[in-house]
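The structure appears right after this line, and notes come after that.
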Amino acid sequence: ATHKILLLPGDGIGPEVAREVEKVLGWLSGRGIASFETETDLVGGAAIDAHGVPLTDAALDRARAADAVLFGAVGGPKWANVPYAIRPEAGLLRLRKDLGLFANLRPAICYPALAEASALKRELVEGLDIVIVRELTGGVYFGEPKEIVTLEDGSKRAVDTQIYTSGEIERIAGVAFDLARKRRNKVSSAEKHNVMKTGVLWKEVVTRVHAEQFSDVTLEHVLADNCAMQLVRNPKQFDVLVTDNLFGDILSDVAAMLTGSLGMLPSASLGAVENGTRRALYEPVHGSAPDIAGQNLANPIAMIGSLAMALRYSFGLGEAADLVDGAITRTLAAGVRTRDIAGPGANAVGTSEMGDAIVRELQAL
Ligand code: NAI
Ligand code: MG
Numbered sequence: 002a003t004h005k006i007l008l009l010p011g012d013g014i015g016p017e018v019a020r021e022v023e024k025v026l027g028w029l030s031g032r033g034i035a036s037f038e039t040e041t042d043l044v045g046g047a048a049i050d051a052h053g054v055p056l057t058d059a060a061l062d063r064a065r066a067a068d069a070v071l072f073g074a075v076g077g078p079k080w081a082n083v084p085y086a087i088r089p090e091a092g093l094l095r096l097r098k099d100l101g102l103f104a105n106l107r108p109a110i111c112y113p114a115l116a117e118a119s120a121l122k123r124e125l126v127e128g129l130d131i132v133i134v135r136e137l138t139g140g141v142y143f144g145e146p147k148e149i150v151t152l153e154d155g156s157k158r159a160v161d162t163q164i165y166t167s168g169e170i171e172r173i174a175g176v177a178f179d180l181a182r183k184r185r186n187k188v189s190s191a192e193k194h195n196v197m198k199t200g201v202l203w204k205e206v207v208t209r210v211h212a213e214q215f216s217d218v219t220l221e222h223v224l225a226d227n228c229a230m231q232l233v234r235n236p237k238q239f240d241v242l243v244t245d246n247l248f249g250d251i252l253s254d255v256a257a258m259l260t261g262s263l264g265m266l267p268s269a270s271l272g273a274v275e276n277g278t279r280r281a282l283y284e285p286v287h288g289s290a291p292d293i294a295g296q297n298l299a300n301p302i303a304m305i306g307s308l309a310m311a312l313r314y315s316f317g318l319g320e321a322a323d324l325v326d327g328a329i330t331r332t333l334a335a336g337v338r339t340r341d342i343a344g345p346g347a348n349a350v351g352t353s354e355m356g357d358a359i360v361r362e363l364q365a366l
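Numbering of the sequence shown is given in full-length UniProt numbering, commencing with residue 2 and proceeding in unit increments.
Printed below as a string of structure tokens:
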């Protein structure tokens, strides 16, 4: 089968790291491992400059038609004064909304060669490979009422509302169990059923989805506060960690600190299954890094790692994903470093040299 990719490089270092992803795609097709049909379009500031909007309808149609979207980064000082409704970030928000991307996947991978950069001791994180699945479109960030009310005595009361429906919990649980089957077959579900009704329903629905459809996967329930502690105490006990929007926001930042540089972190956003494929957008966690843009300084590993996630989770190419991840691991083990992950005073290579080094590791296979 041919896998259709829409590549949206965006602004700043986005196009620089996207070029390195194209090298890896070229290797995969050249080896006959898979065939890709890659289209490229503008997003963010680049689209504002060309079309006056951060994402055209035509680009959105191409995103809908693709099996996966690979997104670089958007934004930068050049567009600081454009109207709010058409700011660069609005392009990404439109994609998320239109593709119905309700599940945010943030892996925390710790390459052995970079274990020193972790906030934790080497033995706790070396070889770490977990994914946090965060519900992204529900919960306390969106629930109504959401307000600050002034009371009769002049004091104020603020209200946020956490709401989850069984349907919302079912679909995020489905994503997590699906993912676990492509990994080490274990899901940990974090909530606080001891003090929250949404936690009670969360636990009940996850338990039912597991029993009905995924009883081959190991499921454990963990209280979210204990989960934060366990992530720092012994993170390797987890495989897939599924949780709500608020807890996921916090737990994924905790997990990010286990792994080192921003230039190393990929992510995925998944939506509903339509015509047999799950809508998906893959992107590095970092932004457009205007401070280093255009200088061949950016680390392309977060972007290449995002491609590896697309191979594994959208294209059913787990073995190809292993090849790419393995090439990254060996490149780092050989001491190749971009500036962000080189120690002070240590030698560093540029963006394109890092991409070339990873492709060389693939070619050596
Ligand atoms: P940023 O992630 O772009 O940069 C933060 C720091 O990390 C900078 O010092 C940068 O040089 C460094 N950095 C980031 N990625 C790197 C890489 N691959 N290799 C080496 N160093 C890297 O975040 P910042 O500075 O807050 O935002 C810059 C612009 O990016 C803003 O316009 C912001 O709105 C936008 N942004 C876009 C995102 C997206 O497209 N999803 C996400 C976050 C920010
Ligand atoms: Mg990004």
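Quick reminder that beta carbons are idealized off the backbone N, C-alpha and C, glycines included.
By the three-class DSSP mapping on this structure, what secondary structure does residue 329 have?
The residue labelled residue 329 in the question sits at position 328 within the sequence shown. If DSSP states are grouped into helix, strand and coil, residue 329 belongs with the helices.
So, using beta-carbon positions, are residue 75 and residue 303 closer together than 9 angstroms?
Sequence index remark: in the sequence shown, residue 75 carries index 74 (1-based). Sequence index remark: in the sequence shown, residue 303 carries index 302 (1-based). One thing to note: residue 75 has its Cβ no nearer than 9 angstroms to the Cβ of residue 303.
Grab the span of the beta strand (DSSP E) containing residue 88 for me, first residue to last.
Walking along the sequence shown from the start, residue 88 turns up at place 87. For residue 88, no beta strand (DSSP E) segment is defined, and its DSSP state is neither H nor E.
Short of 6 angstroms in beta carbon distance, which residues of its chain neighbour residue 189, apart from the five on each side in sequence? Order them along the chain.
The residue you call residue 189 lines up with position 188 of the sequence shown. Taken in chain order, the residues that qualify are 221, 223, 239 and 242.
For residue 166, which beta-bridge partners are listed by DSSP?
Translated into the one-based positions of the sequence shown, residue 166 becomes position 165. None; residue 166 has no bridge partner.
Helix, strand or coil for residue 205 per DSSP?
The count along the sequence shown starts at 1 and reaches residue 205 at position 204. In the structure shown, residue 205 sits in a helix (DSSP, three-state: H, G or I).
Nearest to residue 85 (by Cα), restricted to the options 352, 163, 53 and 164:
Residue 85 sits at position 84 when you count from the first residue of the sequence shown. Residue 53 is the option with its Cα nearest to residue 85.
Which residue's Cα is closest to the Cα of residue 216: 174, 265, 195 and 139?
Here residue 216 refers to the residue found at position 215 when the sequence shown is read from its first residue. Distance from the Cα of residue 216 is smallest, within the candidate group 174, 265, 195 and 139, for 174.
Going residue by residue through the region 238-290, where are the continuous beta strand (DSSP E) segments of at least 3 residues, counting only ones entirely within it?
Those beta strand (DSSP E) runs which fall completely within the region 238-290 and span 3+ residues are 241-244, 267-275 and 278-285.
Taking 9 angstroms as the cut-off, decide whether the C-beta atoms of residue 315 and residue 68 are in contact.
Residue mapping note: residue 315 aligns to position 314 of the sequence shown, counting from 1. Residue mapping note: residue 68 aligns to position 67 of the sequence shown, counting from 1. Yes. Within cutoff.
With a threshold of 8 angstroms, establish whether the CB of residue 280 neighbours any heavy atom of the ligand NAI.
Position 279 of the sequence shown, counting from 1, holds the residue named residue 280. Residue 280: no, Cβ never under 8 angstroms from the ligand NAI.
Would you list the residues sitting across from residue 315 in a DSSP beta bridge?
As a working mapping, residue 315 is identified with position 314 in the sequence shown. Per DSSP, none; premise fails for residue 315.
Consult DSSP for residue 190 and reduce its assignment to one of helix, strand or coil.
Within the sequence shown, numbered from 1, the residue matching residue 190 stands at position 189. Three-state DSSP puts residue 190 in a strand.
For residue 230, count neighbouring C-beta atoms within 10 Å of its own C-beta (all shown protein chains included) and say buried if the count is 16 or more, exposed if not.
Stepping through the sequence shown from its first residue, residue 230 is reached at position 229. Its Cβ having fewer than 16 others within 10 Å, residue 230 is exposed.
Report buried or exposed for residue 213, applying the criterion of at least 16 other Cβ atoms within 10 angstroms of its Cβ.
For the purposes of this step, residue 213 is identified with residue 212 of the sequence shown, where counting begins at 1. Looking at its Cβ environment, which holds fewer than 16 other Cβ atoms inside 10 Å, residue 213 is exposed.
Taking contact to mean 3 or more Cβ pairs, one atom from each stretch, closer than 8 angstroms, check whether the region 324-343 and the region 105-113 are in contact.
Short answer: they touch.
Are the CB atoms of residue 311 and residue 6 nearer to each other than 9 angstroms?
Taking the first residue of the sequence shown as 1, we reach residue 311 at position 310. Taking the first residue of the sequence shown as 1, we reach residue 6 at position 5. Using a Cβ distance threshold of 9 angstroms, residue 311 and residue 6 count as a contacting pair.
Might you give, ordered along the chain, the residues of its own chain that have their beta carbon closer than 6 angstroms to the beta carbon of residue 301, omitting 5 neighbours on each side?
The residue labelled residue 301 in the question sits at position 300 within the sequence shown. Take residue 301, set aside five residues on each side of it, and the residues of its chain with a beta-carbon closer than 6 angstroms to its own are 18, 21, 352, 355 and 356, in chain order.
Quick check on DSSP: helix, strand or coil for residue 49?
Indexing the sequence shown from 1 puts residue 49 at position 48. Residue state, collapsed to three classes: helix.
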